[in-house]
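S.K.:
Protein chains: 2
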Amino acid sequence: MPKKRPSPKRRSGCPLNASVEILGDRWSLLIIRDMMLRGFRSYKEFLESYERIATNILADRLRKLEAHGIITTERNPSDGRKLIYSLTAKGIDLAPVLTEMVLWAAGHEDTANQELVRLIQKDKEQFLAAVRQRWAEQRIRSMANY
Amino acid sequence: MPKKRPSPKRRSGCPLNASVEILGDRWSLLIIRDMMLRGFRSYKEFLESYERIATNILADRLRKLEAHGIITTERNPSDGRKLIYSLTAKGIDLAPVLTEMVLWAAGHEDTANQELVRLIQKDKEQFLAAVRQRWAEQRIRSMANY
DNA sequence: TATTTTCACTTGCATTTCACAAGTTAGATA
DNA sequence: TATCTAACTTGTGAAATGCAAGTGAAAATA
């Protein structure tokens, strides 16, 4: 059941505007990419990702993503220092957005990671299904830790 | 022929990162929405759009979008004050990105404009084809002005 | 022709956000 | 007990943003 939170003080009711207000910055989607495509789940992994996000920005973005219901945070039961960040259903539903952004840049800009691009181009729906499947499996494995 | 410009000082070669560096702010995609979906073509129209962009920000974003080859600027031959902003092929290729962002927000946030959302949901490919068609027609009409 | 309007901006300034470096705290490890 | 690690927070300067007012060229109007 997708809960739709009322929008507090949005600039407009346009759905694109909502997306832009939530995701329209230089870091949020990269964090989501790291979780969705690379399986990153810890603060340290995000920090060490290639684009080098600053630690205060990372903390801020994780807070905001959680506030928006895109990720969840839980403590690792076997090591109380570690936090595990996971994508919610709302978060994994961003897969088509990321996918189209990858395809657009790959088609119009000089970019790397052509294996990923070709994989998406070959069969977009299958790629999205695989992403969702991995997410679902990781979820089950997480629950098994308790 | 899609020219791929070399990326000057990108944070990484990841295609998603390229998209985020070009489009990842609170206004660029709204300007593109106004051009793509509402047919806006002048500075004044963008300024008066519902979200109320500041004039200096608008000028800056139009400059950057043009520098990235997403829009073009031409002077209206019948009124030398007016400039006409148009989406390039690279710009109209953002339609799938906008579409997925609209669907995501519509599914998870409290948003308006449900007619548009339902139109997209009914047949996404047909919606995209219609957007492209309108763009192509507008292009031809523009050329006819000369 | 002179004056006013329109259009697409620019400029100045206060506020907010960002980037970088350093420091902090709770919990694990030796 | 001391050290280490993970996940932050804090401080500071730089850059981006938001708001109001002003500018200049071209067009419309008197």
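In order, the protein sequence lines correspond to chains Y and A.
Just remember that this note's numbering sits 118 ahead of the position in the first sequence, which is counted from 1.
Just remember that this note's numbering sits 118 ahead of the position in the second sequence, which is counted from 1.
Backbone N, C-alpha and C fix where the C-beta goes; we use that ideal spot for every residue, glycine too.
Would you grab the beta carbon distance between I202 of chain Y and N194 of chain Y for me? Rounded to a whole angstrom, and I think it's under 8 Å.
M.R.: 6 Å
S.K.: Which residue from A:E139, A:A224, A:R257 and A:S196 puts its Cα closest to that of G131 of chain Y?
M.R.: A:A224
S.K.: Note down the Cα distance separating M261 of chain Y from E255 of chain Y, rounded to an integer number of angstroms.
M.R.: 10 Å
S.K.: With 16 other CB atoms within 10 Å as the buried threshold, where does T217 of chain A fall?
M.R.: buried
S.K.: What residues match up with Y203 of chain Y in a beta bridge as DSSP calls it?
M.R.: Among the bridge pairs identified by DSSP, Y203 of chain Y is matched with Y:T191.
S.K.: Throw me the rounded Cβ distance for the R151 of chain A and L134 of chain Y pair, which I believe falls under 8 Å.
M.R.: 5 Å
S.K.: R156 of chain A: which of A:L234, A:W222, A:T206 and A:I258 sits nearest, CA to CA?
M.R.: A:L234
S.K.: Anyone know if the C-beta pair for R128 of chain A and A136 of chain A falls short of 8 Å?
M.R.: yes
S.K.: Taking the alpha helix (DSSP H) that Y161 of chain A belongs to, which residues open and close that run?
M.R.: Y161 to L165
S.K.: Whole angstroms is fine: what's the gap from R179 of chain A's alpha carbon to R259 of chain Y's?
M.R.: 45 Å
S.K.: Let me see if you follow: with CB-CB separation under 8 Å, is R151 of chain A close to chain Y or not?
M.R.: Yes, its Cβ sits closer than 8 Å to a Cβ of chain Y.
S.K.: Less than 8 Å between the beta carbons of M153 of chain A and L205 of chain A, yes or no?
M.R.: yes
S.K.: What would DSSP say about E66 of chain Y, mapped onto helix, strand or coil?
M.R.: Nothing about residue 66 of chain Y can be read from this structure; chain Y reaches only from 119 to 264.
S.K.: For K200 of chain A, which residues from the same chain have a beta carbon less than 8 Å from its beta carbon, with the 5 sequence-adjacent residues on both sides left out?
M.R.: Closer than 8 Å at the Cβ level, and outside the excluded window around K200 of chain A, lie S160, R193 and N194.
S.K.: Residues of the region 207–239 of chain A in Cβ contact with chain Y at a cutoff of 7 Å, in chain order, please.
M.R.: K208, D211, L212, P214, V215, L216, E218, M219, V220, W222, A223, A224, G225, H226, E227, D228, T229, A230, N231 and V235
S.K.: Of the residues that make up the region 141–169 of chain Y, which ones have a beta carbon closer than 7 Å to any beta carbon in chain A?
M.R.: G142, D143, R144, L147, L148, R151, Y168 and E169
S.K.: With a threshold of 16 other CB atoms inside 10 Å of the CB of T191 of chain Y, please say whether the residue is buried or exposed.
M.R.: exposed
S.K.: The alpha helix (DSSP H) spanning I175 of chain A covers which residue range?
M.R.: T173 to A185
S.K.: Measuring straight from C-alpha to C-alpha, what distance separates I149 of chain Y and F164 of chain Y?
M.R.: 7 Å
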